[in-house]
Amino acid sequence: MFYIRNFEGDKNEFEFFLDMLYESIHIVENKPSKEVLLNAPGIRKYHEGWGRKGDKVLIAVDAENKTVGAVWYRLFNNNNKSYGYIDGNTPEIGMAVLKEVRGRGVGTLLMHKIIQQAKDEGYNTISLSVDLENDTAINMYQN
Numbered sequence: 160m161f162y163i164r165n166f167e168g169d170k171n172e173f174e175f176f177l178d179m180l181y182e183s184i185h186i187v188e189n190k191p192s193k194e195v196l197l198n199a200p201g202i203r204k205y206h207e208g209w210g211r212k213g214d215k216v217l218i219a220v221d222a223e224n225k226t227v228g229a230v231w232y233r234l235f236n237n238n239n240k241s242y243g244y245i246d247g248n249t250p251e252i253g254m255a256v257l258k259e260v261r262g263r264g265v266g267t268l269l270m271h272k273i274i275q276q277a278k279d280e281g282y283n284t285i286s287l288s289v290d291l292e293n294d295t296a297i298n299m300y301q302n
């Protein structure tokens, strides 16, 4: 059984969020280290200054309260566009789950919760970008 809760924002949870951000970046071969990749200019914008207006993270935990996945969204603007940028009022989502729980419904649960959260916060649309070679993610998003 898995549960979804709000991000508490402490240092350990922020590190877990960064781990999940790293996992969400689909690079098949020669993936740079977490430190290198997350500090690349095109990626740093996804976490730098986290906690500003429009930032949201939900955390998936198992029955023992172990963090197993996360989903998040962030607003971007014309001066700082993301890969899935539509406009300044449309948050872009990202998501990842630990390898050992993939295929057990965690991603689907996270996706449903973040969509509801976005609706509750008044967003009419959300955006995401996905590598066309990431068949697992594409199948989950299409479902």
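Using our numbering, the letters of the sequence shown correspond one by one to residues 160 to 302. We put the beta carbon where it would ideally sit given N, CA and C, even for glycine. Everything numeric in this text was worked out from a predicted model, so none of it was measured.
Using DSSP with H/G/I as helix, E/B as strand and the rest coil, what is V260? helix
Kindly indicate the opening and closing residues of the beta strand (DSSP E) around L217. 215-221
Going by Cα to Cα distance, which pick from I285, K190, E174 is closest to S241? I285
By Cβ distance, which residues of its chain are closer than 6 angstroms to A255, with the 5 residues on each side in sequence left out? M179, E182, S183
Below 8 angstroms, how does it come out for the region 188-201 and the region 257-271: are there three or more Cβ pairs, yes or no? no
What does a CB cutoff of less than 7 angstroms around N224 pick up in its chain, not counting 5 residues either side in sequence? none
Okay, do the region 164-174 and the region 246-260 touch, 3+ Cβ pairs below 8 angstroms being the bar? no
Where does F161 fall in DSSP's three states? strand
Quick one, which of A229, E259, T226, P250 has its alpha-carbon nearest N237's? P250
Alpha carbon of Y282 to alpha carbon of H206, nearest angstrom: 20 angstroms
Please report how far the alpha carbon of F235 lies from the alpha carbon of I218, in whole angstroms. 22 angstroms
CB-CB length for V220 against F166, believed under 8 angstroms: At roughly 11 angstroms, the Cβ-Cβ gap does not stay under 8 angstroms, so V220 and F166 are not in contact.
With a 10 Å radius around its C-beta and 16 neighbouring C-beta atoms as the bar for buried, classify Y162 as buried or exposed. exposed
With respect to the alpha helix (DSSP H) encompassing V265, which residues constitute its N-terminal and C-terminal limits? 265-279
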